[in-house]
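Numbering (mature numbering (1 follows the signal peptide of the UniProt record, and there is no 0)), first residue to last: -31 to -1, 1 to 319.
Think of the CB as a built atom: it goes at the ideal place given N, C-alpha and C, for glycine as much as any other residue.
Below is one structure, written out as C-alpha coordinates; comments come after it.
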Amino acid sequence: MHACFIRGAVRSAAVAAAVAGTLTWTPAATAQPPEPTPSVPAAPAEIPAPDAGSIAITKRDTAGDILPGAAFLLLDSAGQDAGRGKTDAQGKLTFPDLAPGVYRLKETASGSPLHEVVPDQDVIVTPGATTRLTIIDPFKAAKVLLQAKDAKTGKLLPGATVNIGTGDTTLLTLTTGAKGTASGELPMSSRKTEFWAKQIKAAIGYDLYKPSKTFTAGPGAPVTVTVTNAKTATSPNPDPSDKPAHEPTGTPSTSMDKPSSGTPGAKHSATGAGTSTPDPDFSPTAAAIAASDTTPKAPAGALAHTGSDATPWIAGGAGLLVAAGVVTLVVARRRTPAEPEPDDNSKTSY
(Lines of atoms letter the chains of each structure in order from A and count residues from 1; the text may use other names and numbers.)
(Lines give C-alpha, C1' and ligand atoms only; values in the text may rest on other atoms or scores of the structure.)
Protein backbone atom coordinates (compact mmCIF):
# COMPACT_ATOMS: atom_id res chain seq x y z
CA MET A 1 0.00 0.00 0.00
CA HIS A 2 2.92 2.25 0.77
CA ALA A 3 4.25 1.60 -2.73
CA CYS A 4 0.95 2.54 -4.30
CA PHE A 5 1.01 5.80 -2.38
CA ILE A 6 4.43 6.67 -3.69
CA ARG A 7 3.51 5.87 -7.32
CA GLY A 8 0.43 8.07 -7.00
CA ALA A 9 2.52 10.94 -5.70
CA VAL A 10 4.92 10.66 -8.61
CA ARG A 11 2.09 10.79 -11.14
CA SER A 12 0.66 13.87 -9.49
CA ALA A 13 4.01 15.60 -9.65
CA ALA A 14 4.42 14.74 -13.31
CA VAL A 15 1.03 16.13 -14.15
CA ALA A 16 1.74 19.31 -12.30
CA ALA A 17 5.04 19.71 -14.05
CA ALA A 18 3.44 19.20 -17.44
CA VAL A 19 0.92 21.83 -16.70
CA ALA A 20 3.61 24.23 -15.60
CA GLY A 21 5.89 23.26 -18.49
CA THR A 22 8.80 22.44 -16.18
CA LEU A 23 10.02 19.06 -15.13
CA THR A 24 12.32 18.86 -12.04
CA TRP A 25 13.26 15.72 -10.23
CA THR A 26 14.22 15.84 -6.67
CA PRO A 27 15.15 12.73 -4.79
CA ALA A 28 13.20 12.21 -1.66
CA ALA A 29 15.02 12.99 1.57
CA THR A 30 15.70 10.14 3.91
CA ALA A 31 14.75 10.27 7.52
CA GLN A 32 18.32 9.50 8.87
CA PRO A 33 19.43 11.56 11.90
CA PRO A 34 22.32 14.10 11.36
CA GLU A 35 25.87 13.26 12.64
CA PRO A 36 26.91 15.20 15.77
CA THR A 37 29.50 18.01 15.26
CA PRO A 38 32.54 17.71 17.60
CA SER A 39 32.65 20.61 20.06
CA VAL A 40 35.88 22.68 20.60
CA PRO A 41 36.59 23.13 24.31
CA ALA A 42 37.27 26.69 25.52
CA ALA A 43 40.94 27.55 26.39
CA PRO A 44 41.44 27.10 30.12
CA ALA A 45 42.87 30.01 32.18
CA GLU A 46 46.71 30.00 32.60
CA ILE A 47 47.53 28.24 35.83
CA PRO A 48 51.11 28.31 37.18
CA ALA A 49 52.89 25.06 37.49
CA PRO A 50 52.68 23.68 40.96
CA ASP A 51 56.52 23.77 41.34
CA ALA A 52 56.99 27.45 40.29
CA GLY A 53 58.78 29.91 42.58
CA SER A 54 59.29 33.68 42.83
CA ILE A 55 61.79 36.44 43.83
CA ALA A 56 60.78 39.36 46.09
CA ILE A 57 63.16 42.38 46.35
CA THR A 58 63.29 45.15 48.97
CA LYS A 59 65.58 48.13 48.16
CA ARG A 60 67.28 50.34 50.81
CA ASP A 61 70.45 52.42 51.30
CA THR A 62 73.14 52.18 54.00
CA ALA A 63 71.22 54.66 56.18
CA GLY A 64 68.14 52.37 56.12
CA ASP A 65 66.01 54.56 53.84
CA ILE A 66 63.88 52.87 51.12
CA LEU A 67 64.82 53.51 47.49
CA PRO A 68 61.96 53.63 44.96
CA GLY A 69 62.63 53.60 41.24
CA ALA A 70 65.57 51.17 41.26
CA ALA A 71 65.57 49.16 38.01
CA PHE A 72 66.38 45.41 37.85
CA LEU A 73 66.83 42.82 35.09
CA LEU A 74 66.46 39.05 35.67
CA LEU A 75 68.15 36.52 33.38
CA ASP A 76 67.68 32.74 33.42
CA SER A 77 70.47 30.16 33.28
CA ALA A 78 70.55 30.41 29.47
CA GLY A 79 70.99 34.20 29.60
CA GLN A 80 67.45 34.89 28.40
CA ASP A 81 65.32 37.70 29.76
CA ALA A 82 63.17 36.24 32.54
CA GLY A 83 61.76 39.53 33.83
CA ARG A 84 62.42 43.20 34.49
CA GLY A 85 60.92 46.01 36.57
CA LYS A 86 61.38 48.88 39.06
CA THR A 87 60.87 49.11 42.81
CA ASP A 88 57.64 50.79 43.89
CA ALA A 89 57.11 53.57 46.41
CA GLN A 90 57.86 51.10 49.22
CA GLY A 91 61.06 49.99 47.51
CA LYS A 92 59.61 46.55 46.56
CA LEU A 93 59.69 44.49 43.36
CA THR A 94 58.51 40.85 42.71
CA PHE A 95 59.33 38.41 39.91
CA PRO A 96 56.56 35.69 40.06
CA ASP A 97 56.02 32.30 38.36
CA LEU A 98 59.65 31.34 37.92
CA ALA A 99 60.75 27.82 37.13
CA PRO A 100 63.13 26.47 39.74
CA GLY A 101 66.76 27.13 38.96
CA VAL A 102 69.56 29.71 39.15
CA TYR A 103 68.93 33.24 37.88
CA ARG A 104 71.18 36.28 37.37
CA LEU A 105 69.92 39.53 38.93
CA LYS A 106 71.27 42.84 37.57
CA GLU A 107 70.60 46.32 38.97
CA THR A 108 70.63 48.66 35.99
CA ALA A 109 69.82 51.90 37.87
CA SER A 110 69.71 52.96 41.52
CA GLY A 111 66.98 55.53 41.00
CA SER A 112 68.98 58.12 43.03
CA PRO A 113 71.83 60.51 42.14
CA LEU A 114 73.40 59.86 45.56
CA HIS A 115 73.65 56.06 45.33
CA GLU A 116 75.67 53.48 43.44
CA VAL A 117 74.27 50.22 42.00
CA VAL A 118 75.26 46.90 43.53
CA PRO A 119 77.23 44.24 41.63
CA ASP A 120 75.36 41.45 39.80
CA GLN A 121 74.40 38.43 41.89
CA ASP A 122 73.04 34.91 41.43
CA VAL A 123 69.65 34.01 42.93
CA ILE A 124 68.37 30.45 43.45
CA VAL A 125 64.64 29.80 42.99
CA THR A 126 63.26 26.72 44.76
CA PRO A 127 59.94 24.97 43.90
CA GLY A 128 56.88 26.56 45.48
CA ALA A 129 58.92 29.10 47.52
CA THR A 130 59.62 32.83 47.42
CA THR A 131 63.25 33.95 47.58
CA ARG A 132 63.38 37.25 49.47
CA LEU A 133 66.27 39.70 48.98
CA THR A 134 67.12 42.98 50.71
CA ILE A 135 69.51 44.92 48.50
CA ILE A 136 71.51 47.83 49.99
CA ASP A 137 72.73 50.52 47.63
CA PRO A 138 75.89 52.30 48.88
CA PHE A 139 76.27 56.07 48.81
CA LYS A 140 78.54 57.52 46.18
CA ALA A 141 82.02 58.38 47.48
CA ALA A 142 83.00 62.01 48.09
CA LYS A 143 85.77 63.40 45.85
CA VAL A 144 88.62 64.76 48.02
CA LEU A 145 91.36 67.13 46.82
CA LEU A 146 94.31 67.65 49.21
CA GLN A 147 96.59 70.71 49.02
CA ALA A 148 99.69 71.58 51.08
CA LYS A 149 100.79 75.24 50.95
CA ASP A 150 103.53 77.51 52.26
CA ALA A 151 102.02 79.60 55.07
CA LYS A 152 103.51 82.87 53.70
CA THR A 153 103.74 82.53 49.94
CA GLY A 154 100.92 80.05 49.26
CA LYS A 155 103.30 77.90 47.21
CA LEU A 156 102.13 74.29 46.81
CA LEU A 157 104.40 71.85 48.65
CA PRO A 158 105.14 68.25 47.60
CA GLY A 159 105.77 65.41 50.04
CA ALA A 160 103.10 66.28 52.66
CA THR A 161 101.12 63.31 54.06
CA VAL A 162 97.64 63.63 55.63
CA ASN A 163 95.31 61.05 57.20
CA ILE A 164 91.53 61.55 56.78
CA GLY A 165 88.91 59.71 58.82
CA THR A 166 85.89 59.87 61.08
CA GLY A 167 85.65 59.00 64.76
CA ASP A 168 88.53 56.68 65.63
CA THR A 169 88.87 55.24 62.11
CA THR A 170 91.28 56.39 59.40
CA LEU A 171 89.59 56.03 56.02
CA LEU A 172 92.07 57.59 53.61
CA THR A 173 95.79 58.52 53.50
CA LEU A 174 96.99 61.04 50.88
CA THR A 175 100.50 62.33 50.02
CA THR A 176 100.95 65.40 47.82
CA GLY A 177 102.88 64.82 44.62
CA ALA A 178 105.24 67.00 42.61
CA LYS A 179 102.48 69.59 42.05
CA GLY A 180 101.67 69.79 45.76
CA THR A 181 98.23 68.11 45.42
CA ALA A 182 96.67 64.67 45.87
CA SER A 183 93.15 63.30 45.26
CA GLY A 184 91.10 60.32 46.38
CA GLU A 185 87.63 58.98 47.11
CA LEU A 186 86.24 59.12 50.63
CA PRO A 187 83.62 56.43 51.41
CA MET A 188 80.29 57.76 52.72
CA SER A 189 77.85 56.17 55.18
CA SER A 190 75.17 58.88 55.22
CA ARG A 191 73.91 61.87 53.28
CA LYS A 192 76.23 64.21 55.22
CA THR A 193 79.24 63.14 57.30
CA GLU A 194 81.83 65.06 59.34
CA PHE A 195 85.47 64.08 58.85
CA TRP A 196 88.85 65.06 60.34
CA ALA A 197 92.21 65.61 58.62
CA LYS A 198 95.54 65.16 60.46
CA GLN A 199 98.94 65.89 58.92
CA ILE A 200 101.52 63.22 59.82
CA LYS A 201 104.40 64.41 57.62
CA ALA A 202 105.39 67.87 56.40
CA ALA A 203 107.31 68.83 53.30
CA ILE A 204 111.09 68.94 53.61
CA GLY A 205 112.21 72.15 55.34
CA TYR A 206 108.79 72.84 56.90
CA ASP A 207 107.27 72.38 60.35
CA LEU A 208 104.42 69.90 60.87
CA TYR A 209 100.88 71.32 61.01
CA LYS A 210 99.87 69.79 64.35
CA PRO A 211 96.17 70.74 64.81
CA SER A 212 93.44 68.54 63.27
CA LYS A 213 91.09 70.09 60.72
CA THR A 214 87.41 69.10 60.43
CA PHE A 215 85.16 69.32 57.35
CA THR A 216 81.78 68.01 56.11
CA ALA A 217 81.23 66.08 52.87
CA GLY A 218 78.24 64.61 51.00
CA PRO A 219 77.84 61.66 48.58
CA GLY A 220 79.38 62.35 45.19
CA ALA A 221 80.23 65.96 46.13
CA PRO A 222 83.78 67.38 45.68
CA VAL A 223 85.58 68.79 48.73
CA THR A 224 89.03 70.44 49.10
CA VAL A 225 91.25 70.03 52.18
CA THR A 226 94.17 72.48 52.59
CA VAL A 227 96.99 72.38 55.16
CA THR A 228 99.50 75.23 55.57
CA ASN A 229 103.08 74.79 56.75
CA ALA A 230 105.63 77.31 58.04
CA LYS A 231 109.31 77.01 57.20
CA THR A 232 111.54 75.45 59.83
CA ALA A 233 113.58 78.10 61.70
CA THR A 234 117.33 77.62 61.20
CA SER A 235 120.31 79.29 62.95
CA PRO A 236 122.23 81.70 60.68
CA ASN A 237 125.53 80.53 59.24
CA PRO A 238 128.62 82.14 60.85
CA ASP A 239 130.13 85.10 58.98
CA PRO A 240 133.76 84.42 57.92
CA SER A 241 134.63 87.98 58.98
CA ASP A 242 133.63 87.14 62.55
CA LYS A 243 136.48 84.65 63.01
CA PRO A 244 138.95 85.53 65.82
CA ALA A 245 142.30 87.06 64.90
CA HIS A 246 145.37 84.88 64.79
CA GLU A 247 147.06 84.35 68.14
CA PRO A 248 150.46 86.05 68.59
CA THR A 249 153.40 83.77 68.00
CA GLY A 250 155.68 85.49 70.54
CA THR A 251 155.98 84.49 74.18
CA PRO A 252 153.59 86.52 76.32
CA SER A 253 155.09 88.76 78.93
CA THR A 254 154.84 87.67 82.54
CA SER A 255 153.64 89.74 85.43
CA MET A 256 156.90 89.24 87.31
CA ASP A 257 160.33 90.10 86.00
CA LYS A 258 163.25 88.01 87.09
CA PRO A 259 165.68 89.86 89.33
CA SER A 260 168.98 90.87 87.87
CA SER A 261 171.89 88.53 88.52
CA GLY A 262 173.75 91.46 90.09
CA THR A 263 171.15 92.00 92.78
CA PRO A 264 170.80 88.82 94.80
CA GLY A 265 167.99 88.77 97.31
CA ALA A 266 166.09 91.59 95.61
CA LYS A 267 162.48 90.90 94.61
CA HIS A 268 160.37 93.04 92.26
CA SER A 269 156.64 93.60 92.39
CA ALA A 270 154.35 93.55 89.41
CA THR A 271 154.67 97.33 89.05
CA GLY A 272 158.47 97.19 88.90
CA ALA A 273 159.05 98.79 92.35
CA GLY A 274 162.03 97.15 94.08
CA THR A 275 162.01 96.22 97.76
CA SER A 276 164.96 94.79 99.75
CA THR A 277 164.39 91.91 102.11
CA PRO A 278 167.31 90.47 104.15
CA ASP A 279 168.01 86.86 103.38
CA PRO A 280 168.82 84.75 106.49
CA ASP A 281 171.45 82.76 104.55
CA PHE A 282 172.91 85.82 103.01
CA SER A 283 176.39 86.93 104.23
CA PRO A 284 176.64 90.72 104.66
CA THR A 285 180.36 90.75 103.94
CA ALA A 286 179.94 88.72 100.80
CA ALA A 287 177.05 90.89 99.83
CA ALA A 288 179.05 94.03 100.28
CA ILE A 289 181.94 92.69 98.26
CA ALA A 290 179.63 91.43 95.56
CA ALA A 291 177.84 94.75 95.49
CA SER A 292 181.06 96.67 95.16
CA ASP A 293 182.47 94.43 92.43
CA THR A 294 179.29 94.17 90.41
CA THR A 295 178.01 96.92 88.22
CA PRO A 296 174.27 96.60 87.58
CA LYS A 297 173.22 96.57 83.98
CA ALA A 298 170.05 98.22 82.88
CA PRO A 299 167.68 95.86 81.06
CA ALA A 300 166.97 96.74 77.47
CA GLY A 301 163.22 96.30 77.69
CA ALA A 302 160.50 97.93 79.66
CA LEU A 303 158.87 96.44 82.73
CA ALA A 304 155.70 94.43 82.19
CA HIS A 305 152.35 96.23 82.40
CA THR A 306 153.89 99.68 83.18
CA GLY A 307 156.07 100.40 80.21
CA SER A 308 158.55 102.30 82.52
CA ASP A 309 162.34 102.17 82.17
CA ALA A 310 163.87 99.70 84.70
CA THR A 311 167.24 101.47 85.12
CA PRO A 312 166.30 103.90 87.97
CA TRP A 313 164.61 101.16 89.93
CA ILE A 314 167.48 98.73 89.65
CA ALA A 315 170.01 101.43 90.62
CA GLY A 316 167.95 102.39 93.65
CA GLY A 317 167.65 98.75 94.71
CA ALA A 318 171.39 98.17 94.40
CA GLY A 319 172.15 101.25 96.53
CA LEU A 320 169.83 100.02 99.26
CA LEU A 321 171.52 96.64 99.25
CA VAL A 322 174.99 98.18 99.60
CA ALA A 323 173.85 100.41 102.47
CA ALA A 324 172.22 97.46 104.20
CA GLY A 325 175.39 95.41 103.87
CA VAL A 326 177.61 98.14 105.38
CA VAL A 327 175.28 98.65 108.32
CA THR A 328 175.18 94.95 109.03
CA LEU A 329 178.98 94.70 108.95
CA VAL A 330 179.43 97.59 111.40
CA VAL A 331 176.92 96.12 113.81
CA ALA A 332 178.64 92.76 113.69
CA ARG A 333 182.04 94.23 114.50
CA ARG A 334 180.76 96.15 117.48
CA ARG A 335 179.31 93.02 118.99
CA THR A 336 182.69 91.17 118.76
CA PRO A 337 184.40 91.03 122.32
CA ALA A 338 187.79 92.77 122.71
CA GLU A 339 190.83 90.66 122.87
CA PRO A 340 192.16 90.09 126.51
CA GLU A 341 195.21 92.03 127.50
CA PRO A 342 198.30 89.99 128.44
CA ASP A 343 199.00 89.30 132.12
CA ASP A 344 201.84 91.39 133.74
CA ASN A 345 203.56 88.23 134.64
CA SER A 346 203.61 87.16 131.11
CA LYS A 347 205.25 90.31 129.92
CA THR A 348 208.88 89.93 128.96
CA SER A 349 211.24 92.76 129.28
CA TYR A 350 213.90 93.24 126.79
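Task: Enclosing beta strand (DSSP E) for G149 [first to last residue] - done: The count along the sequence shown starts at 1 and reaches residue 149 at position 180. From DSSP, G149 is part of no beta strand (DSSP E); its letter is neither H nor E.
Task: Same chain, Cβ closer than 6 Å to T182, five either side skipped, listed in chain order - done: Locating residue 182 in the sequence shown gives position 213, counting from the first residue. Reading off the sequence shown, one finds Lys at residue 182, where the question assumed Thr. Excluding sequence neighbours, K182 sits near A166.
Open item on the list: So, under 8 Å CB-CB, K83 and K109 are touching, yes? Tell me the CB distance rounded to an integer number of Å.
Closed with: In the sequence shown, the residue the question calls residue 83 occupies position 114. In the sequence shown, the residue the question calls residue 109 occupies position 140. According to the sequence as given, residue 83 is Leu; it is not Lys. Right, the Cβ-Cβ distance comes to about 6 Å (below 8 Å), so this counts as a contact.
Task: Outcome for T145 when other beta-carbon atoms lying within 10 angstroms are tallied against a minimum of 16 - done: The residue you call residue 145 lines up with position 176 of the sequence shown. It counts as buried.
TODO: Let me know the secondary structure DSSP gives L125 once reduced to three states.
DONE: Position 156 of the sequence shown, counting from 1, holds the residue named residue 125. Strand, per DSSP.
- [ ] Report all residues from its chain with a CB closer than 7 Å to the CB of P69; omit the five preceding and five following residues, and keep chain order.
- [x] Within the sequence shown, numbered from 1, the residue matching residue 69 stands at position 100. Only D20, G22, V94, T95 and P96 meet the Cβ criterion.
Open item on the list: Spatial neighbours of E76 within its chain, please: C-beta separation below 6 Å, excluding the five flanking residues on both sides.
Closed with: Walking along the sequence shown from the start, residue 76 turns up at place 107. Closer than 6 Å at Cβ, skipping near neighbours: F41, V86 and V87.
Task: Residues near V194 in its chain [Cβ-Cβ closer than 8 Å; skip 5 each side] - done: Residue mapping note: residue 194 aligns to position 225 of the sequence shown, counting from 1. Answer for V194: V113, L114, L115, Q116, V131, I133, A166, K182 and F184, listed in chain order.
Open item on the list: On the criterion of 16 or more Cβ atoms from any shown chain inside 10 Å, does residue 328 qualify as buried, or is it exposed?
Closed with: Lying outside -31 to 319, the shown extent of the chain, residue 328 is not represented and no answer is given.
TODO: Kindly indicate which three-state DSSP category T297 falls into: helix, strand or coil?
DONE: In the sequence shown, residue 297 corresponds to position 328, counting from 1. Note: T297 maps to helix in three-state DSSP.
Open item on the list: Can you give me the C-alpha to C-alpha distance between G187 and A199, rounded to a whole angstrom?
Closed with: Translated into the one-based positions of the sequence shown, residue 187 becomes position 218. Translated into the one-based positions of the sequence shown, residue 199 becomes position 230. Whole-angstrom Cα-Cα distance: 31 Å.
- [ ] Could you check how far apart the C-beta atoms of A172 and L102 are, in whole angstroms? I think they sit under 8 Å.
- [x] Walking along the sequence shown from the start, residue 172 turns up at place 203. Walking along the sequence shown from the start, residue 102 turns up at place 133. Their Cβ separation, rounded to whole angstroms, is 50 Å, which puts A172 and L102 out of contact at 8 Å.
Task: Beta carbon of K170 nearer than 9 Å to that of A202 - done: Numbered from its first residue, the sequence shown carries residue 170 at position 201. Numbered from its first residue, the sequence shown carries residue 202 at position 233. Not in contact: K170 and A202 (Cβ atoms no closer than 9 Å).
TODO: Using the Cα positions of L155 and F164, report the straight-line distance between them to the nearest angstrom.
DONE: Along the sequence shown, read from residue 1 onward, the residue named residue 155 stands at position 186. Along the sequence shown, read from residue 1 onward, the residue named residue 164 stands at position 195. In a straight line, the C-alpha of L155 is about 10 Å away from that of F164.
- [ ] Could you tell me whether the Cβ atoms of L36 and S79 are closer together than 9 Å?
- [x] Numbered from its first residue, the sequence shown carries residue 36 at position 67. Numbered from its first residue, the sequence shown carries residue 79 at position 110. The answer is yes: Cβ separation under 9 Å.
- [ ] Just mark D30 as buried or exposed, buried being the case when its beta carbon has 16 or more other beta carbons within 10 Å.
- [x] One-based indexing of the sequence shown puts residue 30 at position 61. When all chains shown are included, D30 counts as buried.
Task: Span separating the alpha-carbon of Q49 from that of L62 - done: The residue labelled residue 49 in the question sits at position 80 within the sequence shown. The residue labelled residue 62 in the question sits at position 93 within the sequence shown. If you take the alpha carbons of Q49 and L62, they lie about 19 Å apart.
Open item on the list: Which residue wins for smallest C-alpha separation from R53, given the options I26, A32 and T142?
Closed with: Your numbering for residue 53 matches position 84 in the sequence shown. Comparing Cα positions, the closest option is I26.
- [ ] Please name the residue in A39, D89, Y72 and P65 whose C-alpha comes closest to that of D57.
- [x] Working through the sequence shown from its first residue, we reach residue 57 at position 88. Closest by alpha carbon: A39.
TODO: Can you check the segment 24 to 112 for any beta strand (DSSP E) of at least 3 residues that lies completely inside it and give the ranges in chain order?
DONE: 40 to 44, 50 to 55, 61 to 67, 70 to 78, 90 to 94 and 99 to 106
Task: Rounded straight-line distance, which links the Cα of S81 to that of S159 - done: In the sequence shown, counting from the first residue as 1, residue 159 sits at position 190. In the sequence shown, counting from the first residue as 1, residue 81 sits at position 112. Rounded to the nearest angstrom, the two C-alpha atoms are 14 Å apart.
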